[in-house]
Amino acid sequence: AAMAEAAIERGEEDAMGTAKGKDVKAEAGAQGAAAQNGSGGGSAAGDAAAQDCTMAKDVRSLLMWKEPVRSGAVLSGVAILYFVFERSGYTLLTILANLLLVLVVGTFVWSTASSLSNGSLPAVPVPDPANPEALEKAFDSFSERCKVLVNKTLGMAHRLAKGTDPALSIKAALILYAVAKVGSLCNFLTLTFVAVLVAFTVPKAYDMNRREIDKLLGSAKEKGTEFANEAKAFIDEKVISKLRNLKNSATKKRD
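Sequence positions in the sequence shown follow the working numbering and run 2 to 256.
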């Protein structure tokens, strides 16, 4: 009986050891999977950051005229498109629709002629995506940046809609008034072309005349800071303080 009890105890100990070993293996497997997922996420984030850095370098090289032929070709193309849109009287949607119509009809006619001629005509060269994973990563990075921008915009719109921040409401009103005045002087297409022209000329001009421009900007910044402080003090004293007093008085009456 004693031998039988000892055998039973040894069997229970062996079973407990086997269960503990399985638990340890399962925990190690879970940790390995988590580490693999973490490394995969880190590598994806690193690839997105590297892609963003490469894109920023390309844009900087384009705007700073590191490659004059490429920058000149882009600026010339934008200028040609602007004059075509401005002088033709057609809208962007009309031109894009007509171009896509010609493309669709042309590919259909070419494919039909190729099938009727028993394949004597070459097929339409349609490019396939070379790297779908890189394209998916680029879209994911773009969607993340758009999500951050949309969240900030919605937060600011919420504060403006509530009207609890007088300073933000006044700033938004001034900016919208300035945009309305600029929009009355030129249309959106002209404003976009001017913005592109400024982007291709101002950075290069600043890089060539950095010292003189820095001196002028320093003096202008000092005067602008003084004027902004005076305007802020005036607005706080004449406008915001009165609005706060009205709000406090209304709150007291409700109480």
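Even glycine gets a Cβ: it sits at the ideal position worked out from N, Cα and C.
Quick caveat, the model's predicted, so the values are computed rather than measured.
Measure the beta-carbon distance from residue i to residue j and round it to whole angstroms, keeping in mind my assumption that it falls under 8 Å.
i: L259; j: A200; result: This structure cannot settle anything about residue 259, because the visible part of the chain is limited to 2 through 256.
i: F86; j: L76; result: About 16 Å separates the two Cβ atoms, so there is no contact after all.
i: K243; j: W66; result: The Cβ separation is near 52 Å, so there is no contact.
So, is residue i buried or exposed, given that buried needs 16 or more other C-beta atoms within 10 angstroms?
i: T252; result: exposed
i: G42; result: Residue placement at G42 is flagged as unreliable, the pLDDT there being 49, under the threshold of 50; the coordinate-derived value follows with that caveat. Looking at its Cβ environment, which holds fewer than 16 other Cβ atoms inside 10 Å, G42 is exposed.
With a cut-off of 8 Å, do at least 3 Cβ pairs link the region 138 to 146 to the region 154 to 161? no
Counting Cβ pairs closer than 8 Å, one from the region 93 to 106 and one from the region 215 to 232, do we hit at least three? no
Give, in chain order, every unbroken run of the alpha helix (DSSP H) that is at least 4 residues long and sits entirely within the region 149 to 209. 167 to 186 and 189 to 209
Check whether the region 88 to 100 and the region 231 to 245 touch, using three or more Cβ-Cβ pairs below 8 Å as the test. no
Count Cβ pairs between the region 77 to 93 and the region 190 to 207 that sit closer than 8 Å; are there 3 or more? yes
Complete runs of the alpha helix (DSSP H) confined to the region 77 to 128 [at least 4 residues]: 93 to 117
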